[in-house]
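Novice: Chains as they are written, first to last, in this note's numbering: chain F, 12 to 363; chain S, 1140 to 1493.
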Amino acid sequence: MNSQIVFALIRKDFKLYFSNRFFAVVTLLGLVAYIIIYFLLPATVNESLELGLYMAEMPPALEEMLVDEDVWFYRAESVDALKQAVLDGDVPAGYAFPDDLLTQMQSGGKVTAQLYLSPDVPPEFKEIYEVVLYEFAFAIRGQSVDIETTEIMLGPDMAGEQIAPRDRMLPMLAVFVLMIECLGLASLIAAEVEAGTLRALLVTPLTMSGLFVGKGIFGTLFAFAQATLLILLTGGLVHEPLLILVALLFGAALVTGVAFLIGSVGRDLMSVMGWGVLAMLLLAMPTFTILVPGLASNWIKLIPSYYLVDTVYRVINFDAAWGDVTQNLLMLLVYAAAFMALGVVVLKRKFQ
Amino acid sequence: MNPRRVGVLVYREFVQGPKNFIFIFAVVVPLVLSFTLSLLFGTLFSGKPRMGISDAGDSQFTRSAAAMEAFTVKEFASEAALKEATQIGVVDIGIALPTDFDEKVASGQATNMTAYIWGESLVKDRAMLVAAMAVWVREIAGQESPIKIVTTVLGNPSALPWEDRLLPFVVMMSVMFGGIMLPASSLVTEKQKRTLTALSVTPTTMGDIYVAKGLMAVTISTVMGLVILALNRALGSSTALLVVVLALGAILAAEFGVLLGALVKDINSLFATVKSMGLILYAPALIYMFPQIPQWIGKIFPTYYIIQPVIEISQHGARLAEVAWQLGILLVLILSMGVLLALLTRRMRHQEIQ
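1) Can you tell me which of the three DSSP states F229(F) falls into?
2) Quick one: is G274(F) near chain S, going by C-beta distance under 8 Å?
3) Quick one: residues in its chain with C-beta nearer than 7 Å to the C-beta of A1351(S), no 5 flanking neighbours on either side, listed in chain order?
4) Using only alpha-carbon positions, find the residue among F329(F), P297(F) and I301(F) that is nearest to I314(F).
5) How about Y45(F) and L184(F): do their beta carbons lie closer than 8 Å?
6) So, L73(F) versus A148(F), is the Cβ gap smaller than 8 Å?
7) Can you check which of these residues, L199(F), L62(F) and V266(F), is closest to P103(F) by C-alpha distance?
8) So, at 8 Å on beta carbons, what are the nonlocal neighbours of G1247(S) in its own chain, with the 5 sequence-adjacent residues on each side left out?
9) Please list the partners that N13(F) has in chain S, where partner means a Cβ-to-Cβ separation under 8 Å.
10) Give every residue of the same chain whose Cβ lies closer than 6 Å to the Cβ of E1218(S), excluding the five residues on either side of it in the sequence, and list them in chain order.
11) Going by DSSP, what residue range makes up the beta strand (DSSP E) through T1343(S)?
12) Is there a Cβ of chain S sitting closer than 8 Å to that of Q125(F), yes or no?
13) With three or more beta-carbon pairs closer than 8 Å as the criterion, would you say the region 14-25 of chain F touches the region 221-233 of chain F?
14) What do you reckon, are the CB atoms on N31(F) and N1159(S) nearer than 8 Å?
15) Across the region 1375-1395 of chain S and the region 1468-1482 of chain S, are there enough close Cβ pairs to call them in contact, namely three or more that are closer than 8 Å?
16) Do P304(F) and A1259(S) have their beta-carbon atoms positioned less than 8 Å apart in this structure?
17) Determine the direct distance from the alpha carbon of I200(F) to that of R1333(S), and round the result to whole angstroms.
18) For the alpha helix (DSSP H) containing A1206(S), name the first residue and the last one.
19) Please list, in chain order, the chain F residues whose beta carbon lies closer than 9 Å to that of S1284(S).
20) So, T1412(S) versus L1420(S), is the Cβ gap smaller than 8 Å?
21) DSSP three-state call for R210(F): helix, strand or coil?
22) Under 8 Å, do P1188(S) and L1268(S) count as touching if we go by C-beta distance?
23) Does the beta carbon of Q1226(S) come closer than 8 Å to any beta carbon on chain F?
24) Is the region 210-221 of chain F touching the region 235-252 of chain F, taking contact as three or more C-beta pairs under 8 Å?
25) Jot down the residue ranges of each uninterrupted alpha helix (DSSP H) in the region 243-295 of chain F, minimum 4 residues, whole runs only, in chain order.
26) From what residue to what residue does the alpha helix (DSSP H) around A1224(S) run?
27) Considering just the uninterrupted stretch of the beta strand (DSSP E) at F1210(S), what are its terminal residues?
28) Could you check which residue in M1487(S), T1211(S) and D1405(S) has the C-alpha nearest to that of L1326(S)?
29) Using CA coordinates, which residue listed in L113(F), E141(F), D81(F) and L259(F) is at the minimum distance from Y106(F)?
30) What is the DSSP secondary structure of Q95(F), counted as helix, strand or coil?
31) Within a Cβ cutoff of 8 Å, which residues of the same chain sit near L144(F), ignoring the five residues on either side of it in sequence?
32) Name the chain F residues that come within less than 9 Å of K1287(S), Cβ to Cβ?
33) Can you tell me whether W1464(S) is buried or exposed? The criterion is at least 16 other CB atoms within 10 Å of its CB, across all chains shown.
34) For G1294(S), return the contacting residues in chain F, with the cut-off set at a CB-CB distance below 9 Å.
35) What does a CB cutoff of less than 8 Å around A96(F) pick up in its chain, not counting 5 residues either side in sequence?
36) Buried or exposed: which applies to W310(F), given that a residue is buried once 16 or more other Cβ atoms fall within 10 Å of its Cβ?
Below, the structure written as structure tokens:
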């Protein structure tokens, strides 16, 4: 195998890739769009419950409750100020109690409290603000219930350190970047097989193994470079950069193997797109388990991209180290090698 | 134009169509998109706190929770299943109730319940669930609420669930994607394979071919639009009117698709063109998603006159009179595009003769 020839092949593939207007546009615009999407998504999670409150006379027991970190209270000077705060969207709901609240409560009668809701609150959420108000009233009266709750926290308590939507989306964006490149490479291979240029290459000093090594290196490095650029520009390489890069490299090798398979079954751009998008949907599925936790059970681990998505997600968001994701990396490597080998065998059979 | 020849061509399109991946896409993509979006926005982005309960007895607590529309409540057969589900984030809080929970609470005896908390659950969701749990337990204990609540919604209620906001986009996608891509890709493929040239030596005219391809696209797009609306329980009460609007929208899309197919030379250029026009095509649906954007901007785009009547009929129960002006503009657009196509067909015929 001559490294110079392989390098020339890689250079040719690079030029050929960008000569396809569709994939050139999709690759460049896609990468820019994914980065823009990332920065447009919220960077923080506002997880405190914000409520408005008007109460002329504050019972001492309640003062303690109001400093609870879980609920943030806006204390209004008047009912009108409370209403305005709700209307302005400062708080989604506001509670107003009568000025003689304590007197009414001491007399044992039912107190009428006002609940003001923002027009943006979905109707079914009304109940939530009502139950909170009921519980608030019980607390004012100092009425407790004799029940002991054993609280068991499952997984790390992320209260106050929630993962921002943009960081949940990042593994999905990385998979999409890899897959778009996979479609481009598959289209390139399909076009070369159909046009017979792959066969033509074999009458040159290029060997069969050199051909696949060249395509494999081009596909893997090209996909890897784009995914790395995405992760780099979105700040994902801050913690354990080498670990992330290794995961992305294995992921890039995996999609290159998939591209070989798609390229071997596809005849033109249309069929490559057909098979490619099917593969893309399949490989994107594990990202949904991050967006919708609890959506899928263990079967999702059968999809190779799970090990890439899980690794990237845990390293970026949970500071996972090499020891935590070794198994993932091994599985990813096995899948990448298997797909690459399978792709080469199928492709070889197709044009031999 | 010969109706018999058009009929034969339409039949051929329906027989050959399913072999084309664009045909499969026109059917599969809207379904997948609809499913995915309802999954995402029906669960993750719904904002509803999620509670899991494993009830060893038959507690009033479970019934109260199930009746609470503001929460997503799931029941589990065992505490182990509840714990496992909470661990992976199926619910925010999982409550395990003992057999004699109600009896003990009602009789004022000290009792215990276990709360599994998913570490990634939001603090506000935990606070809401805990407040509700306390109220349900008080109900069982026979504690009467010390207050009466009078609820007032201030301003004009405008909240629209994300599922509803996204529906126009999915409907638009099903109508526009099939309507445009089916005839366009079919024409381009035929051009590339030179089967169009072969047809030109038969009595079949370009008009016959355009109409046949357009008819197939209109049928598929209309059906898919209806399927998506049905899946999202948004057919409304005026289904017949909805069919008419969707069909008109599909006709406009198909005309545009035929125009693209006639002008574009290869499939790569077609994809690039459609992709670059995506924002213009879907702009009204995107604007609808965000009520903060002045909604009049949507009216600038032609596709507004397809999707707005669909929204009016399916979500607001509008009748023909209320959407007549929008349909009028849609008809004008269809006729204009038809004239453009007729001119193009004539020009192509002249080119062939020369």
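For glycine and all other residues, C-beta sits at the position ideal for the given N, C-alpha and C.
These numbers come from a predicted model, not from an experiment.
Specialist: A quick look at the data gives this:
1) helix
2) The beta-carbon of G274(F) is placed no less than 8 Å from the nearest beta-carbon of chain S.
3) V1145, L1148, V1149 and E1152
4) P297(F)
5) yes
6) no
7) Nearest of L199(F), L62(F) and V266(F) to P103(F), Cα basis: L62(F).
8) The residues are A1280.
9) Here the premise fails: no neighbours, minimum Cβ distance about 33 Å.
10) So the qualifying residues of the chain are S1193 and A1235.
11) Per DSSP, T1343(S) belongs to no beta strand (DSSP E) and is neither H nor E.
12) yes
13) yes
14) no
15) With the cut-off at 8 Å, the region 1375-1395 of chain S and the region 1468-1482 of chain S touch.
16) Per the sequence shown, the amino acid found at residue 1259(S) is Glu instead of Ala. Yes. Within cutoff.
17) Cα to Cα, R1333(S) sits roughly 24 Å from I200(F).
18) Taken as a continuous stretch (DSSP letters only), the alpha helix (DSSP H) holding A1206(S) covers Q1199 to A1206.
19) K121, Y145, A148 and F149
20) no
21) helix
22) yes
23) Taking Cβ atoms only, chain F reaches closer than 8 Å to Q1226(S), which makes this a yes.
24) no
25) Taken in chain order, the unbroken stretches of alpha helix (DSSP H) that lie wholly in the region 243-295 of chain F and span 4 residues or more are 252-276.
26) E1218 to Q1226
27) Note, F1210(S): premise wrong, no beta strand (DSSP E); not H, not E.
28) Ranked by Cα distance from L1326(S), the first of M1487(S), T1211(S) and D1405(S) is D1405(S).
29) Ranking the options by Cα distance to Y106(F), first place goes to E141(F).
30) helix
31) Excluding positions up to five away in sequence, the list reads Y106, A124 and L126.
32) K121, V122, T123 and A124
33) Residue environment analysis places W1464(S) among the exposed positions, since fewer than 16 neighbouring C-beta atoms fall within 10 angstroms of its C-beta.
34) V97, L98, S129, P130 and D131
35) G63, Y85, A87, V102 and G105
36) exposed
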